[in-house]
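The next block holds one structure in the form of structure tokens; read it before the comments.
Residue numbers (this note's numbering): 88 to 430.
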């Protein structure tokens, strides 16, 4: 950090010099405009008005720079969540139809991604998203509803011995990743641009960080709900789980479900008391987990079945753990010692 002194000039205005290195790196000249935004904590952000603040960001990827298609796919996903509006894949040679076909599958994973232009040696993807249609609060609400339904149906599949429902939960879990990626994309753009932040409902950079944190934690909730369904699906063809064990799993799940629901609510409503109530539930979850694992070891004879059921129970405990993490995100969003100076 560098500290510079505020100077007062004739007429009563105040001025402060900019770091020479910062000016040179951005190739700024005398007379160039600087956009200034004030955050809610009183800090200022400066943006050189050299290009439009919302000008599309384009990246160009050379196929020869990637050892395999998976590496290229990973980079495209990353550039998407980091806010790129156009991603071009080019090659010195013709790109095969099969290769392009696989890249086009990314449209199913990344909301708003479409093929803008295609030639023998290149394929251009354009992100066609109206940012106003995806405010961050709404994205968090939708992802939470998605996650809650996954947990509910995964446990329902277990209690009803319904392997078809387990398959459906596994498939739905992949769709939830789309919500996660667009949430991170919107948060990234908001962190870089105050104008965009206002459009997606973010007050300041500190709040933007909390949205990134809850998006990450929600993605883990989705993962562990899908994991329960995957573990249960491996029991297809084995002995049916006893009612005593499924009832105990359902009872634990009900507690965890409410933790997850209340944690997200506490974040969205900035409800500190509700967040603390979620934190206080974790000891009960750990106690029930321990008793349930003991019951499984005692009642289930088949070793593989016992291990699989133990994984399911631990997935529920981890959902509770990430619900606590979301409650912590809520505390960080709601509580801050920084206030705007009185004007």
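Note that beta-carbon positions come from the ideal geometry of N, C-alpha and C, so glycine has one too.
Asked: Let me know the secondary structure DSSP gives residue 102 once reduced to three states.; Found: strand
Asked: Considering Cα atoms alone, identify which of 350, 271, 249 and 312 is closest to residue 419.; Found: 350
Asked: Residue 238 by DSSP, collapsed to three states: which one?; Found: helix
Asked: What residue range is occupied by the uninterrupted beta strand (DSSP E) comprising residue 200?; Found: 200-206
Asked: State yes or no: is the C-beta of residue 322 within less than 9 Å of the C-beta of residue 392?; Found: yes
Asked: Could you give the DSSP three-state label for residue 121: helix, strand or coil?; Found: strand
Asked: Does DSSP put residue 173 in a helix, a strand or coil?; Found: strand
Asked: One question on the structure: do residue 218 and residue 201 come within less than 9 Å of each other, judged by their Cβ atoms?; Found: no
Asked: Looking only at its chain, what residues have a beta carbon closer than 6 Å to the beta carbon of residue 174, apart from the 5 residues adjacent to it on each side?; Found: 146, 163, 166 and 212
Asked: Going by DSSP, what residue range makes up the alpha helix (DSSP H) through residue 389?; Found: No alpha helix (DSSP H) contains residue 389, which DSSP labels as neither H nor E.
Asked: Is the distance from the Cβ of residue 386 to the Cβ of residue 329 below 9 Å?; Found: yes
Asked: Kindly indicate which residue of 347, 383, 331 and 374 has the alpha-carbon position closest to the one of residue 363.; Found: 347
Asked: Taking the alpha-carbon of residue 207 as reference, which of 118, 182 and 422 has the nearest alpha-carbon?; Found: 182
Asked: Evaluate residue 354 with the Cβ neighbour count: other Cβ atoms within 10 Å of its Cβ, from every protein chain shown; 16 or more gives buried, anything less gives exposed.; Found: buried
Asked: Pull up the CB-CB distance for residue 68 and residue 379, whole angstroms please, since I reckon it's below 8 Å.; Found: The structure shown does not extend to residue 68, since the chain is modelled only from 88 to 430, so the question has no answer here.
Asked: Taking only the alpha-carbon atoms, compute the straight-line gap between residue 185 and residue 131 and give it to the nearest angstrom.; Found: 50 Å
Asked: Quick one: grab the DSSP three-state call for residue 227.; Found: helix
Asked: Residue ranges of each alpha helix (DSSP H) run of no fewer than 4 residues wholly in the segment 284-335, ordered along the chain?; Found: 292-320
Asked: Considering Cα atoms alone, identify which of 390, 280, 236 and 274 is closest to residue 123.; Found: 280
Asked: How big is the Cα-Cα spacing for residue 238 and residue 402?; Found: 10 Å
Asked: With a cut-off of 8 Å on the beta carbons, I'd call residue 254 and residue 320 a contact; round off their distance for me.; Found: 7 Å
Asked: How big is the Cα-Cα spacing for residue 138 and residue 282?; Found: Here residue 138 scores only 48 on pLDDT, less than 50, and its place in the model should not be relied on; the value that follows carries that caveat. Taking the straight line joining both Cα atoms gives about 14 Å.
Asked: Residue 332: which of 340, 383, 366 and 369 sits nearest, CA to CA?; Found: 383
Asked: Since residue 269 is in the alpha helix (DSSP H), which residue starts that stretch and which ends it?; Found: 250-279
Asked: Thinking C-alpha only, which one of 375, 339, 230 and 369 is nearest residue 414?; Found: 369
Asked: From this set, 252, 305, 257 and 396, which residue's C-alpha is nearest residue 268's C-alpha?; Found: 305
Asked: Please return the same chain residues whose Cβ sits closer than 7 Å to the Cβ of residue 224, not counting the five positions on each side in sequence.; Found: 288 and 355
Asked: On a Cα-Cα basis, can you pick out the residue from 406, 381, 113 and 327 that is closest to residue 344?; Found: 406
Asked: Using the Cα positions of residue 89 and residue 399, report the straight-line distance between them to the nearest angstrom.; Found: 52 Å
Asked: Around the C-beta of residue 232, are 16 or more other C-beta atoms found within 10 angstroms, so that it is buried, or is it exposed?; Found: exposed
Asked: Given a cut-off of 9 Å, decide if residue 226 and residue 169 are closer than it, judged by their beta-carbon atoms.; Found: no
Asked: Among 91, 92, 296 and 251, which residue has its Cα nearest to the Cα of residue 271?; Found: 296
Asked: Rounded to whole angstroms, what is the Cα-Cα separation between residue 194 and residue 263?; Found: 14 Å
Asked: Taking DSSP as the reference, what is the three-state secondary structure of residue 113?; Found: coil
Asked: Would you list the one or two residues that DSSP bridges to residue 149?; Found: 177
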